[in-house]
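Heads up, the thing below is written out as structure tokens.
Number of protein chains: 2
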Amino acid sequence: MLNTFDTTTALMCKALGHPARLAILRQLLHEDRCICGRIVEVLPLAQSTVSQHLKVLRDAGLIRGDVEGPKTCYCADRARLADLATALADLLSASEKKR
Amino acid sequence: MLNTFDTTTALMCKALGHPARLAILRQLLHEDRCICGRIVEVLPLAQSTVSQHLKVLRDAGLIRGDVEGPKTCYCADRARLADLATALADLLSASEKKR
DNA sequence: TGGTTTAATCGTAAAAATACGATAAATGAT
DNA sequence: ATCATTTATCGTATTTTTACGATTAAACCA
Numbered sequence: 001m002l003n004t005f006d007t008t009t010a011l012m013c014k015a016l017g018h019p020a021r022l023a024i025l026r027q028l029l030h031e032d033r034c035i036c037g038r039i040v041e042v043l044p045l046a047q048s049t050v051s052q053h054l055k056v057l058r059d060a061g062l063i064r065g066d067v068e069g070p071k072t073c074y075c076a077d078r079a080r081l082a083d084l085a086t087a088l089a090d091l092l093s094a095s096e097k098k099r
Numbered sequence: 001m002l003n004t005f006d007t008t009t010a011l012m013c014k015a016l017g018h019p020a021r022l023a024i025l026r027q028l029l030h031e032d033r034c035i036c037g038r039i040v041e042v043l044p045l046a047q048s049t050v051s052q053h054l055k056v057l058r059d060a061g062l063i064r065g066d067v068e069g070p071k072t073c074y075c076a077d078r079a080r081l082a083d084l085a086t087a088l089a090d091l092l093s094a095s096e097k098k099r
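If you read the sequences in order, they're chains A and B.
FYI, the working numbering numbers position 80 of the first sequence as 80, with every residue one higher than the one before it.
FYI, the working numbering numbers position 45 of the second sequence as 45, with every residue one higher than the one before it.
Shown next, in the form of structure tokens:
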């Protein structure tokens with residue numbers, strides 16, 4: 001009754017299920033690439049908290065982070081986000097067929 | 001930096017951010033309408049727990065529940081789910097334009 | 001009316017999430 | 001080599017989530 005689809009989709013949804021993380025993702029989509037410090041500037045949260053949120057997003061596969069010297073440059077994984085949007089749309093369309 | 005979009009979208013994502021709730025939604029999409037007891041049959045969770053998950057989904061606007069005598073008949077709000085899929089897709093396409 | 005069925009709510013325990021400051025680790029600059 | 005910058009991680013307190021059994025409330029049936 002709960003399958004792989006559920007757990008991976010739920011993981012992504014869960015990652016987006018916090019306003020701060022959604023804001024972080026939007027920031028990354030907007031600026032394309034940015035370092036942790038930039039996000040700390042924009043959000044009213046401590047550096048350690050932002051770092052924690054970035055980890056959640058990364059673990060869900062929604063963003064990637066390249067270490068560049070002492071900095072880490074983050075960017076959104078657009079394909080994964082597209083996958084999620086598709087997964088939700090598919091959930092709907094699969095059930096439409098049998099109506 | 002965190003707006004209405006973020007909070008409402010995050011609320012829906014958060015509701016979907018648990019495998020059991022995703023399974024419940026899928027069940028409702030599949031069977032179109034079903035009562036709480038039916039979901040309890042399908043999931044390995046206690047009645048009170050299922051009821052709690054149904055409340056979370058309802059508060060997020062993803063499902064609706066009609067009281068029918070002693071039973072409550074739940075159904076998925078397809079429009080809201082479509083809205084979420086669209087919101088995520090828009091998030092992407094809005095950022096594509098400026099690349 | 002009394003008993004049954006159904007679902008919500010209450011109370012509660014355990015686990016997870018959230019936020020922070022402090023610290024550590026790594027790199028770059030002087 | 002030392003110092004500054006940047007980010008991850010640690011430790012921790014607080015809040016929230018999750019799950020359960022027990023109880024309540026409402027409606028139906030006999």
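Note that the Cβ used here is the ideal one computed from N, Cα and C, for glycine as well.
Collapsed DSSP secondary structure at A/Asp66 in the structure displayed: To locate residue 66 of chain A, count along the first sequence from 1; it is residue 66. A/Asp66 carries a strand assignment under DSSP once its states are collapsed to helix, strand and coil.
Distance, B/Asp6 Cα to A/Gln47 Cα: For the purposes of this step, residue 47 of chain A is taken as the residue at position 47 of the first sequence. For the purposes of this step, residue 6 of chain B is taken as the residue at position 6 of the second sequence. Distance between the alpha carbons of A/Gln47 and B/Asp6: 21 Å.
Residues of the region 76–88 of chain B with Cβ closer than 7 Å to any Cβ of chain A, in chain order: Taking 7 Å as the upper bound on Cβ-Cβ separation, chain A lies near residues Arg78, Leu81, Ala82, Leu84, Ala85 and Leu88 of the region 76–88 of chain B.
Three-state secondary structure (DSSP) of A/Ala10: To locate residue 10 of chain A, count along the first sequence from 1; it is residue 10. Reduced to three states, the DSSP call for A/Ala10 is helix.
Residue closest to A/Glu31, alpha-carbon to alpha-carbon, out of A/Glu68, A/Arg21, A/Leu88 and A/Ala76: As a working note, residue 31 of chain A is residue 31 in the first sequence. Nearest of A/Glu68, A/Arg21, A/Leu88 and A/Ala76 to A/Glu31, Cα basis: A/Ala76.
Residues that A/Thr9 contacts on chain B, provided the C-beta gap is smaller than 7 Å: To locate residue 9 of chain A, count along the first sequence from 1; it is residue 9. When 7 Å is used as the limit between beta carbons, A/Thr9 is near these residues of chain B: Leu22, in chain order.
Cβ separation of A/Cys13 and B/Leu16, assumed to be a contact under 8 Å, to the nearest whole Å: Along the first sequence, read from residue 1 onward, the residue named residue 13 of chain A stands at position 13. Along the second sequence, read from residue 1 onward, the residue named residue 16 of chain B stands at position 16. Between B/Leu16 and A/Cys13 the Cβ distance is about 4 Å, and since that is below 8 Å, they are a contact.
Contact between the region 60–68 of chain A and the region 57–68 of chain B (3+ Cβ pairs under 8 Å): As far as the Cβ criterion goes, the region 60–68 of chain A does not touch the region 57–68 of chain B, which means the pair count is below three.
Beta-carbon neighbours of A/Cys13, restricted to chain B and to distances below 7 Å: Here residue 13 of chain A refers to the residue found at position 13 when the first sequence is read from its first residue. What A/Cys13 touches in chain B: Cys13, Leu16 and Gly17.
Per-residue contacts from A/Arg64 into chain B (C-beta, under 8 Å): Taking the first sequence and counting its residues from 1, one reaches residue 64 of chain A at position 64. Residues of chain B passing the Cβ test: none, with the nearest at roughly 15 Å.
Cut-off 7 Å between Cβ atoms - residues of its own chain near A/Ala23, not counting five sequence neighbours on either side: Within the first sequence, residue 23 of chain A is the residue found at index 23, counting from 1. Excluding positions up to five away in sequence, the list reads Leu43.
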